[in-house]
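Right, one structure below, let's go through it.
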Amino acid sequence: MAALTTLTSRTVVMPAANIDTDQIIPARFLTTTTRAGLGAQLFADWRYDPSGVPRPEFVLNRPEAQGCRILIAGDNFGCGSSREHAPWALLDYGIRAVISTRFADIFASNALKNGLLPVVVPAATNQWLLERPGTELTLDVEAGTLLRPDGVAVSFPLEPFARHCLLAGVDELGFLLGQRSAIDRFERRA
Amino acid sequence: MARTPQTLFDKVWQRHEVIAESAATPAVLYIDLHLVHEVTSPQAFALLRERGLTVRRPERTLATMDHSTPTLTAQVFGGAPIAIDSAARQVRELEANCAAFGVELLGLKHAERGIVHVIGPELGLTQPGKTVVCGDSHTSTHGALGALAFGIGTTEVGHVLATQCLLQRKPRTLAVNVRGGLAAGVTAKDLILASIGRLGVAGGTGHVIEYRGDTIAGLDMDERMTVCNMSIEAGARAGLIAPDETTYAYLKGRPRAPQGAAWERSLEQWRQLPTDAGARFDSEVELDAAAVEPMITYGTNPGMAIPIGGQIPRHPEDPAFGRALAYMGLEPGAPIKDQPVNVVFLGSCTNARLSDLRGAARVLRGRRIAPGLSMLVVPGSQQVKRAAEAEGLDRVFLDAGAEWRESGCSMCLGMNGDTVARGQYSVSTSNRNFEGRQGAGARTLLASPLTAAASAVRGRVTDPRELL
Chain A
6 MAALTTLTSR TVVMPAANID TDQIIPARFL TTTTRAGLGA QLFADWRYDP SGVPRPEFVL
66 NRPEAQGCRI LIAGDNFGCG SSREHAPWAL LDYGIRAVIS TRFADIFASN ALKNGLLPVV
126 VPAATNQWLL ERPGTELTLD VEAGTLLRPD GVAVSFPLEP FARHCLLAGV DELGFLLGQR
186 SAIDRFERRA
Chain B
41 MARTPQTLFD KVWQRHEVIA ESAATPAVLY IDLHLVHEVT SPQAFALLRE RGLTVRRPER
101 TLATMDHSTP TLTAQVFGGA PIAIDSAARQ VRELEANCAA FGVELLGLKH AERGIVHVIG
161 PELGLTQPGK TVVCGDSHTS THGALGALAF GIGTTEVGHV LATQCLLQRK PRTLAVNVRG
221 GLAAGVTAKD LILASIGRLG VAGGTGHVIE YRGDTIAGLD MDERMTVCNM SIEAGARAGL
281 IAPDETTYAY LKGRPRAPQG AAWERSLEQW RQLPTDAGAR FDSEVELDAA AVEPMITYGT
341 NPGMAIPIGG QIPRHPEDPA FGRALAYMGL EPGAPIKDQP VNVVFLGSCT NARLSDLRGA
401 ARVLRGRRIA PGLSMLVVPG SQQVKRAAEA EGLDRVFLDA GAEWRESGCS MCLGMNGDTV
461 ARGQYSVSTS NRNFEGRQGA GARTLLASPL TAAASAVRGR VTDPRELL
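From first to last, the protein sequence lines are chains A and B. 177 is the number that the numbering used here gives to position 172 of the first sequence; each next residue is one higher, with no gaps. 240 is the number that the numbering used here gives to position 200 of the second sequence; each next residue is one higher, with no gaps.
Printed below as a string of C-alpha cells:
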C-alpha cells in the first residue's frame with residue numbers, strides 16, 4: 006500500500022446520495038482474478054453509453070475532471086456489496102480520497118486497506134464542496150484536516166490504526182501476523 | 041456483584057476477542073467459520089502466495105462457487121463449456137487455490153454446492169455464537185442462527201485465511217423490536233422491506249441489528265434468514281436473531297452440526313447466548329408486523345419500497361429521486377399495482393430456500409405464467425433443488441412455463457449469464473434493485489416469492505392475496 010500523508014487536488018463532484026458499489030463497478034466486471042486495470046470500468050454504466058462510447062455529459066468525462074484525485078459525493082457513498090473492486094477501480098482511475106457525509110461500513114474498511122481515504126465531513130461542509138466542483142483542497146492525514154482554499158480548515162475523523170497504516174504505507178496484515186502468540190493462546194483456551 | 045446484562049452481540053463479540061480494542065488499535069477478533077467463493081477470493085490467495093503464507097485453519101474454511109457460475113445444467117455438469125470465459129477462469133482458479141492451500145471445496149458438480157449463505161446453515165456449519173465471515177455483504181444471513189456474521193472485503197479474506205482473525209472496531213447495537221402477527225399473504229420478505237423503508241438504506245450504518253419480539257420468535261429459520269439477509273440493505277454490519285428451540289430443532293442432525301455429547305454441550309452454551317433482561321442497545325426501533333402489507337420496491341435502492349396497493353411517492357424537490365424514477369420509467373403518484381412485468385426471478389440468498397419455493401408453487405400450481413413473460417426459478421442450493429424435486433415443485437414451475445435451473449446467485453447480479461435485458465421490468469425475490477444490478481439498464485422490483493409468482497401469472501405487478 007502506498008503511503009498517504011497529504012493530498013492536494015482539485016475536486017470532482019458527484020452529488021447523488023447512496024452511490025452503490027454496483028454503480029462504482031458493475032458486477033459483470035468482477036469475473037477478474039486480479040486487482041489491476043479496473044479503472045477503465047469505474048462507473049461504467051454512467052460513463053459509457055450501451056455501445057461503449059463515453060457519455061460527454063458524465064462528470065468524469067469532462068475535461069475539467071481530468072487529473073482530479075478527490076471525489077466529493079452525496080451521503081452514504083459505497084453502499085451495497087462488499088466488493089473490494091470498488092476501491093480498486095477508484096484508485097486505478099486515479100482517485101485517492103472520497104469526501105462524503107457518510108460511508109457504508111464495508112466500503113470504508115476496504116478503502117482504507119488500499120490507501121483510498123474516506124473523509125467524513127459535516128453536512129454543511131459537504132454541501133459547500135458539492136456546490137464548488139474543481140475546488141482545490143488539501144487533505145492532511147496526520148492532522149486529520151481538510152483545508153479549503155478560503156483558509157477554512159475542517160477536521161475529519163480517522164480511526165487511529167488506519168491513520169498509522171496510511172502514514173506508514175503499511176497494511177494491517179503485518180500487525181495481525183505479529184499477534185500469532187496471542188492467537189495461539191486464544192485457540193488453546195477455546 | 042451482579043454481572044452487567046449483555047446483549048447477544050456483546051456476548052458473541054466478547055467470546056471472540058483475542059485482544060480487546062484500545063485507543064490505538066482495533067480488537068483482534070477470532071473467526072470461527074470462513075466461507076470463501078470464487079469472485080472475492082482470487083486476489084486474497086494471491087496475497088498469501090506473494091507473502092509465502094499458508095491458510096492458518098483450513099478446517100475452519102469452506103469454499104464453494106456461486107456468483108459467476110452458470111445455472112444451465114449443461115454448463116454445470118458438462119456437455120457445454122461455461123459460456124463466460126472469465127467466469128470459467130474464476131472457477132478453475134478457485135479449484136487450484138483450494139487444492140494448493142488445502143481448503144475444502146464444494147465445487148461446481150458437488151451435490152452440496154449452492155449459494156454460500158444457503159449452504160452454511162443447511163450443512164449445520166453456521167451455529168449460534170459463532171463468528172462467521174465471507175467476502176460477501178449478505179453474510180448477514182447467518183445471523184438468523186444467532187451467529188455474528190458479516191461481509192468482508194478481499195484484503196480481509198486474506199487476513200482471515202492467514203491468521204483466522206480480523207482487526208475490527210466494535211460496532212454499536214440496534215434493536216428492531218417487531219410485534220404482532222403477519223397477515224395471510226405477508227411474508228418475512230415484506231417485513232424486512234418494511235423495516236428497511238423505516239430505517240432507511242443507511243439507518244443501520246455502524247450497527248449490528250438484533251431483531252427481537254414475538255413476531256421474530258414466531259418465524260421459522262428460512263424466514264429468519266430472509267430477514268437477516270437484508271440487514272446490509274439498511275447499512276447494518278450484521279443482523280442477529282437469538283437462538284431458541286426453533287434454531288436448535290433446525291440444526292439438530294445436520295451433517296456438520298455437533299452430534300451426541302457434543303450436541304448437548306453446545307446446546308448448553310447456546311442457551312446462554314440470548315440478550316439478558318435489562319441489557320441496553322445503543323438504539324431501538326419498534327415495528328408493528330400486523331400493519332405490514334405485501335411490499336414492493338419502485339426505485340433504485342431497497343429503501344424505496346411501498347405496500348403493493350400503494351402509490352409511488354412524490355418528491356419533486358429531490359433530483360436523485362427523480363433520477364431513480366426516470367431510470368425505472370415510473371411516474372410519481374402512480375400506482376405500482378398492474379405495472380407490466382417482463383421477467384420474474386425466484387432465487388438468491390434472500391429467497392431461494394425450500395419454503396420460498398413452496399410458497400411460490402402454491403400460487404403457481406395449476407396456473408400458467410403470462411404469455412411473453414419469462415420466469416427463472418433458481419434453487420438456493422443443490423440440496424434445495426433435490427428436496428423441491430422430491431415433492432414435485434419442479435413440475436409445478438415447469439408446467440407453469442417457468443425455467444428450473446441449477447443453483448447459484450443467477451439473476452440477482454448480472455455476472456453469470458443470467459440477466460434482465462435493458463429497459464425490461466423484473467419482479468425479483470433478490471435483495472438489490474440498484475441500477476444495472478440484474479444487467480445494464482434492467483429495472484428491478486424487489487418483492488416476496490408470493491408476489492413474484494402472482495405477478496408472473498398476471499404479467500403485471502399483482503397482490504398475491506388475489507391468487508391465494
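Positions of the beta carbon are idealized from the N, C-alpha and C atoms, including for glycine. Since the model is a prediction, treat every value here as computed from it, not as a measurement.
Beta-carbon within less than 7 Å of residue i's beta-carbon, same chain only, minus the 5 sequence neighbours each way: which residues are those?
{"i": "B/I272", "result": "S177, H178, S180, G191"}
{"i": "B/A257", "result": "D284"}
{"i": "B/G481", "result": "R462, G463"}
{"i": "B/W444", "result": "V417, D434, F437, L438"}
{"i": "A/E69", "result": "G139"}
{"i": "B/P419", "result": "A392, L397, K425, A428, S447"}
{"i": "B/I232", "result": "T266, V267, M270"}
{"i": "B/L93", "result": "A202"}
Residues in the same chain with beta-carbon distance under 6 Å from residue i, minus the five sequence neighbours each way, listed in chain order, please.
{"i": "B/T502", "result": "A494, S495"}
{"i": "B/A187", "result": "T166, K170, V172"}
{"i": "B/G198", "result": "A84, L87"}
{"i": "A/G149", "result": "S160, F161, L163"}
Could you compute how far the alpha carbon of residue i sits from the alpha carbon of residue j?
{"i": "A/W51", "j": "B/N471", "result": "22 Å"}
{"i": "B/L171", "j": "B/I376", "result": "The question names Leu, yet the displayed sequence has Thr at residue 171 of chain B. Cα to Cα, the separation comes out at about 40 Å."}
{"i": "B/L69", "j": "B/H56", "result": "5 Å"}
{"i": "B/R212", "j": "B/R393", "result": "30 Å"}
{"i": "A/L49", "j": "A/L43", "result": "Checking the displayed sequence, the identity of residue 49 of chain A turns out to be Ala instead of Leu. One C-alpha to the other measures close to 10 Å."}
{"i": "B/E90", "j": "A/D176", "result": "14 Å"}
{"i": "B/S33", "j": "B/L112", "result": "Residue 33 of chain B lies beyond the residue range present for chain B, which begins at 41 and ends at 508; the question has no answer from this structure."}
{"i": "B/G406", "j": "B/G432", "result": "13 Å"}
{"i": "B/R294", "j": "B/E304", "result": "14 Å"}
{"i": "A/G72", "j": "A/A45", "result": "15 Å"}
{"i": "A/E136", "j": "A/I75", "result": "15 Å"}
{"i": "B/T484", "j": "B/D50", "result": "37 Å"}
{"i": "B/R219", "j": "B/T390", "result": "22 Å"}
{"i": "B/A274", "j": "B/A136", "result": "36 Å"}
Going by DSSP, what residue range makes up the beta strand (DSSP E) through residue i?
{"i": "B/E57", "result": "57-59"}
{"i": "B/G279", "result": "278-280"}
{"i": "B/I249", "result": "247-252"}
{"i": "A/M19", "result": "11-19"}
{"i": "A/L122", "result": "122-125"}
Under 8 Å between the Cβ atoms of residue i and residue j?
{"i": "A/Q184", "j": "B/V116", "result": "no"}
{"i": "B/I528", "j": "B/A345", "result": "Since the displayed chain B opens at 41 and closes at 508, residue 528 of chain B lies outside it and no answer follows."}
{"i": "B/L397", "j": "B/A366", "result": "no"}
{"i": "B/Y288", "j": "B/L313", "result": "no"}
{"i": "B/A127", "j": "B/S108", "result": "yes"}
{"i": "A/L171", "j": "A/L9", "result": "yes"}
{"i": "B/L386", "j": "B/A276", "result": "no"}
{"i": "B/G349", "j": "B/E371", "result": "no"}
{"i": "B/Q130", "j": "A/T38", "result": "yes"}
{"i": "B/L206", "j": "B/E250", "result": "no"}
{"i": "B/G2", "j": "A/S87", "result": "Outside the shown range of chain B (41 to 508) lies residue 2 of chain B, about which nothing can therefore be said."}
{"i": "B/V241", "j": "B/G339", "result": "no"}
{"i": "B/I409", "j": "B/V467", "result": "no"}
{"i": "B/P66", "j": "B/Q208", "result": "yes"}
{"i": "B/L291", "j": "B/G399", "result": "no"}
Starting from the C-beta of residue i, find all residues in its chain whose C-beta is less than 8 Å away, skip the five residues before and the five after it, and write them out in chain order.
{"i": "A/S105", "result": "I77, A78, G79, D80, N81, F82, P123, V124, V125, V126, N131"}
{"i": "B/E506", "result": "A494"}
Would you give the residue range spanned by the alpha helix (DSSP H) that residue i belongs to?
{"i": "A/P165", "result": "165-173"}
{"i": "A/I188", "result": "185-194"}
{"i": "A/A196", "result": "With chain A covering 6 to 195 only, the question about residue 196 of chain A has no answer from this structure."}
{"i": "B/A428", "result": "422-430"}
{"i": "A/A116", "result": "110-117"}
{"i": "B/T286", "result": "285-291"}
{"i": "B/T502", "result": "From DSSP, B/T502 is part of no alpha helix (DSSP H); its letter is neither H nor E."}
{"i": "B/S306", "result": "300-310"}
{"i": "A/A70", "result": "It is not in any alpha helix (DSSP H) - A/A70 carries neither H nor E in the DSSP assignment."}
{"i": "B/M265", "result": "261-269"}
Chain D beta carbons: is any one of them nearer than 8 Å to that of residue i?
{"i": "A/A7", "result": "Structure shown: chain D not included; protein chains present are A and B."}
Ranges of the alpha helix (DSSP H) found wholly within the stretch 172-244 of chain B, counting only runs of at least 4: Note on the stretch 172-244 of chain B: whole alpha helix (DSSP H) runs with a minimum of 4 residues are 194-203, 228-239, in chain order.
Residue ranges of each beta strand (DSSP E) within the stretch 72-159 of chain B, 3 or longer: You should have 73-76, 101-104, 144-146.
Runs of alpha helix (DSSP H) wholly within the stretch 337-412 of chain B (minimum 4 residues, chain order): As for any alpha helix (DSSP H) of minimum length 4 sitting wholly inside the stretch 337-412 of chain B, the runs are 359-368, 394-404, ordered along the chain.
Continuous alpha helix (DSSP H) assignments of at least 4 residues falling wholly in the stretch 75-108 of chain A: Fully enclosed alpha helix (DSSP H) runs of 4 or longer: 90-98.
Beta strand (DSSP E) runs wholly inside the stretch 440-493 of chain B, at least 3 long, in chain order: Counting only unbroken stretches of 3 or more residues, the beta strand (DSSP E) elements lying wholly within the stretch 440-493 of chain B are 465-468, 483-486, in sequence order.
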